[in-house]
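A.B. asks:
Number of protein chains: 2
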Amino acid sequence: METLGYHIIAELWDCDHDKLNDLQLIEETFAHAALNAGAEIREVIFHPFDPQGVSGAVIIAESHLTIHSFPEHGYASVDVYTCGDSINPKDAALMIAKALDAKTMHSVEIPRGLGELKMKNPTTKSPL
Amino acid sequence: METLGYHIIAELWDCDHDKLNDLQLIEETFAHAALNAGAEIREVIFHPFDPQGVSGAVIIAESHLTIHSFPEHGYASVDVYTCGDSINPKDAALMIAKALDAKTMHSVEIPRGLGELKMKNPTTKSPL
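Each protein sequence line maps, in turn, to chains X and W. When you number the first sequence by this note's numbering, it's gap-free, plus one each residue, and the end is 128. When you number the second sequence by this note's numbering, it's gap-free, plus one each residue, and the end is 1128.
1. Going along chain X, which residues have a C-beta under 8 Å from Leu1025 (chain W)?
2. Measuring CA to CA, which of X:Pro122, X:Ile8, X:Leu12 and X:His7 is closest to Ala102 (chain X)?
3. Report the residue from X:Phe46, X:His47 and X:His32 whose alpha carbon sits nearest the alpha carbon of Glu40 (chain X).
4. For a contact defined as C-beta to C-beta under 8 Å, what are the partners of Pro1122 (chain W) on chain X?
5. Using only the alpha-carbon positions, how far apart do Lys19 (chain X) and Leu1128 (chain W) sit?
6. Closer than 7 Å by beta-carbon distance: list the chain W residues that pair up with Thr3 (chain X), in chain order.
7. Round the Cβ separation of Tyr1006 (chain W) and Thr1104 (chain W) to the nearest angstrom and send it over; I've been treating them as touching at under 8 Å.
8. Per DSSP, which residues does Glu43 (chain X) bridge with? Please list them.
9. Any beta-carbon of chain X closer than 9 Å to the one on Cys1083 (chain W)?
10. Which residue marks the beginning of the beta strand (DSSP E) containing Glu1109 (chain W), and which one marks its end?
11. Checking the sheet assignment: what are the DSSP bridge partners for Gly5 (chain X)?
12. Quick check on His64 (chain X) - is its C-beta less than 9 Å from some C-beta in chain W?
13. Across which residues does DSSP place His1064 (chain W) in a beta bridge pair?
14. Quick check: the Cα distance between Glu27 (chain X) and Phe46 (chain X), rounded to an integer number of angstroms?
15. For Gly1038 (chain W), return the contacting residues in chain X, with the cut-off set at a CB-CB distance below 9 Å.
16. Given a cut-off of 9 Å, decide if Ile1059 (chain W) and Ile953 (chain W) are closer than it, judged by their beta-carbon atoms.
17. Between Ile9 (chain X) and Ile87 (chain X), which are expected to be in contact by the criterion C-beta below 8 Å, what is the C-beta distance as a whole number of angstroms?
18. How would you call Asn121 (chain X), buried or exposed, if buried means at least 16 neighbouring beta carbons within 10 angstroms?
This is the structure in structure tokens:
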């Protein structure tokens, strides 16, 4: 497999409080986003925090998706990293943002596996 | 919990081929790096790929660590993302790089949970 990959780092703000605390919804959203993008899921872990918040990861054959949610701040940090060029991680990130009712998404793309690291295509979408 | 976090993105090159394929060594290295940094481990998943390579994630109370290894290229992509300011993700990334015998590490720091995304402190260490 080639080392080249694309890593989308997304900051989701003004999300729905209850959705950020809904482990089942988040797990289903991530699985759906991965499969919809054409990824092959290998491992899934999501962990609820007390008193609130969810963290988790989906390991795909093409790298990973992760989330850390902060319901009290309406915030979720989301990463979608895919290797190869058959999958579009931006679409998966946008699908996740919409499922969590994010009002604003800041995102950047970081090519991986090339050498020195550079940010590409910084984007702010508000409203989504 | 505050949203502020620090995400280290690290590209490890010229690593030891066999170590990049050693699931047990990688899992132990990641657990050790997380605990040594003062993180609290919540979930651990590592997945071997056929014919080679390992992907995995450690979910910590303070966010996550991930790896995707490409033994055939001597390359591993590593992320260490920690919330709060009690943990130094750079130390954990460097510990992982050394455990995999990386000769070169490109890394950047991305503050998370603030708003727009910016890269900080791009660094190339060679040799480590």
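The beta-carbon is built from N, C-alpha and C at its ideal position, and this holds for glycine as well. Computed from a prediction, not measured in an experiment: that's the story for all the values here.
C.D. replies: According to the data block:
1. For the purposes of this step, residue 1025 (chain W) is identified with residue 25 of the second sequence, where counting begins at 1. Within chain X, no residue comes near Leu1025 (chain W); the closest Cβ sits about 18 Å away, beyond 8 Å.
2. Your numbering for residue 102 (chain X) matches position 102 in the first sequence. The candidate whose alpha carbon is nearest that of Ala102 (chain X) is X:Leu12.
3. Locating residue 40 (chain X) in the first sequence gives position 40, counting from the first residue. Looking at X:Phe46, X:His47 and X:His32, the one whose alpha-carbon comes closest to that of Glu40 (chain X) is X:His32.
4. Locating residue 1122 (chain W) in the second sequence gives position 122, counting from the first residue. Neighbours of Pro1122 (chain W) on chain X, chain order: Glu116 and Leu117.
5. Position 19 of the first sequence, counted from the start, is the residue given in the question as residue 19 (chain X). Position 128 of the second sequence, counted from the start, is the residue given in the question as residue 1128 (chain W). Per the coordinates, the alpha-carbon of Lys19 (chain X) lies some 43 Å from the alpha-carbon of Leu1128 (chain W).
6. Within the first sequence, residue 3 (chain X) is the residue found at index 3, counting from 1. What Thr3 (chain X) touches in chain W: Phe1070, His1073 and Tyr1075.
7. Reading the second sequence from its first residue, position 6 is the one you call residue 1006 (chain W). Reading the second sequence from its first residue, position 104 is the one you call residue 1104 (chain W). Actually they are not in contact, since the Cβ atoms of Tyr1006 (chain W) and Thr1104 (chain W) sit about 22 Å apart, beyond 8 Å.
8. By one-based count along the first sequence, residue 43 (chain X) stands at place 43. Bridge partners of Glu43 (chain X): X:Ile59.
9. For the purposes of this step, residue 1083 (chain W) is identified with residue 83 of the second sequence, where counting begins at 1. Cys1083 (chain W) counts as touching chain X.
10. Position 109 of the second sequence holds residue 1109 (chain W). Residues Thr1104 to Arg1112.
11. Residue 5 (chain X) sits at position 5 when you count from the first residue of the first sequence. Answer is X:Cys83 and X:Arg112, bridged to Gly5 (chain X).
12. Against the first sequence, residue 64 (chain X) aligns to sequence position 64. At a cut-off of 9 Å between beta-carbon atoms, His64 (chain X) makes contact with chain W.
13. Start at 1 with the first residue of the second sequence, and residue 1064 (chain W) comes out as number 64. Paired residue(s): W:Ile1059 and W:Tyr1081.
14. In the first sequence, the residue the question calls residue 27 (chain X) occupies position 27. In the first sequence, the residue the question calls residue 46 (chain X) occupies position 46. Straight-line Cα distance between these residues: approximately 7 Å.
15. In the second sequence, counting from the first residue as 1, residue 1038 (chain W) sits at position 38. Here the premise fails: no neighbours, minimum Cβ distance about 17 Å.
16. The structure shown does not extend to residue 953 (chain W), since chain W spans only 1001 to 1128, so no value can be given for it.
17. Start at 1 with the first residue of the first sequence, and residue 9 (chain X) comes out as number 9. Start at 1 with the first residue of the first sequence, and residue 87 (chain X) comes out as number 87. So it is not a contact: roughly 16 Å between Cβ atoms.
18. One-based indexing of the first sequence puts residue 121 (chain X) at position 121. It is exposed - the Cβ of Asn121 (chain X) has fewer than 16 other Cβ atoms within 10 Å.
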